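Student:
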Amino acid sequence: MKNTSKRDPLIESIIEGLMTGRQSEVLKNVYSRRVPLLRYKMNDSVIKFKGQRIPVEDLFKFIKRGDSYLPKFSTKEEKGDRVIDMTPFICVGVSELLQVVASDTSTGAFDEEIDEIFGRVFLNIEELNTVLNKICICSEDLSAFGVAPIIYNMTSSYIDYRFPNIKKLATQLLVLAFGRTSVACEVILKAFTLIYDYVSIFYYDKDSLGALAEKNDNFKTYSTKEALESFMTEKLLRFKKIGYTVPNTETKHYISDCRGLSIYSALILMQSIYNKFSEMPSSSKPIFDFDQPFIAEQNQKVLLSCIGDDSVGSYVKTGRVISKMFDYDRFGAYVISTGLYPIKGTQVYNINGRDILRDSYEREILLKYANNMSHNSFKSKNYRRNIMSVNYFENTEAIWGSTYNFMSGDLTKAYIDATQIKKYVGQIESVEKLQAQVNRLKTESESKLERAVNDLNEKHSSVVEDYEKRIKDLEYQLSVKTDFITKLSGELEDANSKLDSMFTEEDLTVEALSSEDVSLEEMIDFLNGFKFTMVGGRDELLLKLKEIGWTNVAQISAESSSNATMQSDFFCINTKFISHKVVRLVESSYANQKDQMFYYNGTNIQLLVQVCYDFVTAWFEKES
C-alpha cells in the first residue's frame with residue numbers, strides 16, 4: 002500500500018514504521034492471498050479515498066437508523082437519525098480481531114511490532130491533556146462526560162490467554178483515537194488488511210471454510226480450513242446478550258455483550274470501507290468477498306442480539322449516557338475501592354440480606370461466564386472480588402498508564418497540566434465568594450423587610466442549590482486529580498528506586514565493578530554468610546552456583562512462586578527469565594525488604610556473583 006500524503010515528519014515516520022521489517026513480508030503475503038487494496042491519502046484531519054474526503058473522527062462514528070447501525074462516513078444523515086460515538090467499541094473490536102491473526106504463527110508479525118510502532122508516537126502535553134479531559138470522570142453526574150462512562154463499563158464474558166494483549170492494544174488505540182486520531186485511523190486500516198480473510202470465520206461454518214481457500218502453484222494462501230478451524234470454538238464465536246433474573250423477583254434483565262458489539266462494529270466498518278473503496282490488485286476475485294447481502298444482514302442481526310438493557314445497551318440505542326446517581330453514603334466506599342462507575346446507581350438488588358448495586362451484580366454474572374464458575378460461587382460475601390477483571394478498560398489510571406509509551410523522557414513527570422488544577426481551584430474560590438455574597442444579601446434583607454427576605458429566598462433557592470452542587474463537584478474533581486497525582490508520584494518514585502538497583506549485563510561489561518580486585522572464591526565465601534534468594538533465572542541456575550561453591554542460596558521460580566514464604570537476607574530478581582506475575586508476588590510478599598532487593602538482567606554467572614557481592618557490600622555501607 003502506498004501512502005503519499007503530506008504530513009509532518011513525526012507522523013510520516015510513524016506510518017513508515019508499519020511497512021518495515023517482518024511487517025513488509027506479512028503485507029506481501031496479504032497481497033498473495035488476494036486481499037483487495039485500499040488506496041488512500043491521509044493528513045492529520047482527513048482521509049481521502051478515491052476523491053472522497055472523510056474527517057478522521059468520522060471513522061469512529063455510526064448512525065443509528067431504526068434497527069440499523071451504519072458508518073457515518075458512508076451514510077447521509079436524515080431526520081430521526083442518532084449519531085453514536087463508537088470509539089471504544091471500534092478500538093476493542095479491532096484489537097479482538099487482530100488477536101485472531103496474532104494467534105496464527107504465520108501472521109504474528111503485526112503483534113510483535115505493535116509495541117515498536119506505538120513506541121515511536123510522542124504526544125505533547127496538550128494532546129495528553131486532551132486525552133485526560135475525555136476519559137477522566139470528576140463528578141458523580143456521569144451524563145456530563147460523553148462516552149467516557151461507557152469506556153469503564155465495557156466488559157467481556159470470554160477471557161482466555163489473549164485477553165491481556167487485547168486490553169493492552171485496545172487501550173493504546175483508545176489513547177491514540179482521542180489524542181492523535183489520524184494515527185489511530187492508519188493503524189486500523191492496516192489492521193483491516195491483515196485480518197481480511199481471517200474474518201471469514203464469523204460468516205462460515207467449519208465445513209464451508211475449505212471452499213474459501215484456493216491452492217495454486219503461483220501463490221500461497223493461509224485461509225484454509227485447517228488454519229482457521231482452530232479458532233472456531235463455540236464460546237469464541239458466541240455473541241449474545243446475557244439474561245438473568247433479578248434476585249427475589251421474576252423480572253428479567255439483559256447484560257450487553259460488549260465483545261460482540263465491538264467485533265461486529267469493527268466488521269460493519271470494515272465491510273463498508275472495502276465495499277466502497279477497495280480494488281483488486283489483479284483481475285482475480287478476492288478469496289473472501291464482503292460484497293454479499295447475507296454478510297450485511299448478519300452483521301446487523303448479531304450486533305442487535307448483543308444489545309442488552311444495561312447502561313451499555315442504553316448508550317448504543319440512544320448515543321447518550323443516562324445516569325442515575327447512587328447513594329454515596331451507602332456505596333461510596335465500595336465504588337471507590339473497586340473503581341466501578343455505576344451508571345444505573347439507583348437500581349439495587351438484595352442478596353442474602355445485603356444490598357448490591359445492579360452494576361456490581363452484573364459484573365459478578367460476567368465473572369461466572371468468563372471463568373466457568375457455578376452460580377453458587379457468587380454469594381454476597383464474595384461479591385467484593387476483583388469485579389473489574391472482566392473490563393477492557395479497568396480505570397483511568399490504567400488508561401493513562403498506557404501513555405508511558407507515547408511520552409518523551411522530559412514529559413514523564415508532567416501527567417497533568419498544573420494550570421488545570423489552578424483553574425479548578427479558582428472555580429471553587431469563585432463559587433465560595435458567590436455563596437458568601439448570597440449569605441450577606443440574605444442578612445441585609447432580613448433587617449429591612451421580612452416579606453422581601455422570604456421572596457428573595459424563594460427566588461434564589463435554586464441558585465444556592467446549584468452553587469452547592471458545583472462546589473461539591475469541584476471539590477470531588479480536585480480530590481480525584483490530587484489522589485491521581487499522588488499515586489503517579491509514588492509510582493515514579495518506586496520506578497526510580499528500581500532503576501537504581503538494576504544491573505544489566507551489557508552495561509557491566511564496560512563499567513568497572515568494585516569487586517574486580519576481589520577473587521571469585523573470596524566473594525563466594527562472603528556471600529555464603531547470608532541467605533540469598535534468586536527470583537527467576539534458568540532451571541540450572543542453582544546447580545551452576547553450587548558448582549562454584551555458593552550453597553547458601555535458594556530459588557523462586559514460576560512453578561514455586563505461589564509458596565514464596567521463605568526467609569532470606571537478600572533477593573536477586575533475574576529479569577531475563579521471570580514473569581511479571583512472580584515479580585509482583587515476591588515484591589508484595591517481602592515488601593518490608595524492598596531495599597534488600599535488586600535486579601539483574603543477564604546470564605553470566607561470574608557477573609551475577611560480582612553484582613551480588615557489590616550490592617551486599619554497598620548495602621552495608623549505606624546502613625552504617
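Per the working numbering, the sequence shown runs over residues 2 to 625. The beta carbon of each residue, even a glycine, is placed where N, CA and C say it ideally should be. A quick note: this is a predicted structure, and the numbers were derived from the prediction, not measured.
Could you pull the start and end residues of the beta strand (DSSP E) that R355 belongs to?
Tutor: R355 to L358
Student: Roughly how many angstroms lie between the CA atoms of L528 and A399, to the nearest whole one?
Tutor: 40 angstroms
Student: Which of helix, strand or coil does DSSP assign to M87?
Tutor: coil
Student: Tell me the DSSP bridge mates of F50?
Tutor: Y41 and Q53
Student: So, with DSSP's three-state summary, where would you put C613?
Tutor: helix
Student: Identify which residue in I196, P282 and L38 has its Cα closest to the Cα of I264.
Tutor: I196
Student: Let me check one thing: in DSSP terms, what residues is H254 bridge-paired to?
Tutor: Y245
Student: Can you give me the Cβ contacts of V57 inside the same chain, cut-off strictly under 7 angstroms, excluding the 5 residues immediately before and after it?
Tutor: S46, V47, I48, T182, S183 and C186
Student: Could you give the residue range of the alpha helix (DSSP H) that holds Y265?
Tutor: C259 to F278
Student: According to DSSP, is T400 part of a helix, a strand, or is it coil?
Tutor: According to the sequence provided, residue 400 is Ile. The question's Thr does not apply to it. DSSP places I400 in helix when its eight states are reduced to three.
Student: Quick one, which of S75, D161, S403 and S361 has its alpha-carbon nearest M389's?
Tutor: Ranking S75, D161, S403 and S361 by Cα distance to M389 puts S361 first.
Student: Give a single yes or no on whether Q607 has its beta carbon closer than 7 angstroms to a heavy atom of the ligand ATP.
Tutor: No copy of the ligand ATP appears in this structure; indeed no ligand is present at all.
Student: Helix, strand or coil for Q299, going by three-state DSSP, please let me know.
Tutor: helix
Student: Can you check DSSP and say which residues form a bridge with F63?
Tutor: P72 and I85
Student: If you follow the beta strand (DSSP E) that F599 is part of, which residue opens it and which one closes it?
Tutor: M598 to N602
Student: Would you kindly check if the distance between the Cβ of E506 and the Cβ of N605 is under 8 angstroms?
Tutor: yes
Student: Along the alpha helix (DSSP H) that carries N575, what are the first and last residues, could you check?
Tutor: Run containing N575: none in the alpha helix (DSSP H); it sits in the beta strand (DSSP E), F571 to N575.
Student: Just list the residues that DSSP pairs T156 with in beta bridges.
Tutor: N392
Student: Below 8 angstroms, can you find three or more Cβ-Cβ pairs linking the segment 572-587 to the segment 530-546?
Tutor: Between the segment 572-587 and the segment 530-546 there are three or more C-beta pairs closer than 8 angstroms, enough to call the two in contact.
Student: Give me whichever residues DSSP pairs with K325 in a beta bridge.
Tutor: K345
Student: Do you know how far the Cα of V554 is from the Cα of L544?
Tutor: 10 angstroms
Student: Which residues does DSSP list as the beta-bridge partners of V554?
Tutor: F533
Student: Out of Y70, V587 and R66, which one is the CA nearest neighbour of C307?
Tutor: Measuring from the Cα of C307, the nearest candidate turns out to be Y70.
Student: Out of Y370, R54 and V610, which has the shortest C-alpha to C-alpha gap to G244?
Tutor: Y370
Student: Out of curiosity, what's the CA-to-CA distance linking K42 and I202?
Tutor: 30 angstroms
Student: Taking 8 angstroms as the cut-off, does the segment 252-262 touch the segment 78-85 (at least 3 CB pairs, one atom from each stretch)?
Tutor: Three or more Cβ pairs closer than 8 angstroms define a contact, and the segment 78-85 falls short of that threshold against the segment 252-262.
Student: Could you say if the segment 317-328 and the segment 134-147 meet the contact criterion of at least three C-beta pairs nearer than 8 angstroms?
Tutor: yes
Student: Please name the residue in V95, S558 and F291 whose C-alpha comes closest to that of N166.
Tutor: V95
Student: Please look up how many angstroms separate the CB atoms of C259 and T156, rounded, as I've assumed it's under 8 angstroms.
Tutor: 5 angstroms
Student: Let me make sure I understand the geometry here. Which of Y591, D615 and Y468 has the alpha-carbon closest to that of I525?
Tutor: D615
Student: If we ignore side chains and look at the alpha-carbon of each, how far apart do F394 and R452 end up?
Tutor: 56 angstroms
Student: Do you know how far the Cα of E97 is from the Cα of I274?
Tutor: Spanning the two alpha carbons is a distance of roughly 19 angstroms.
Student: From I337, V349 and I136, pick the residue whose C-alpha is nearest to that of S480; which is it?
Tutor: Of I337, V349 and I136, the smallest CA-CA separation from S480 is found for I337.
Student: Assuming M524 is part of the alpha helix (DSSP H), what are its boundary residues?
Tutor: L521 to L528
Student: In or out: P343 buried (at least 16 other Cβ within 10 Å) or exposed?
Tutor: buried
Student: Using 10 angstroms around the beta-carbon of R364, count the other beta-carbons present and answer buried if the total reaches 16, otherwise exposed.
Tutor: Classification of R364: buried, given that the 10 Å Cβ count is 16 or more.
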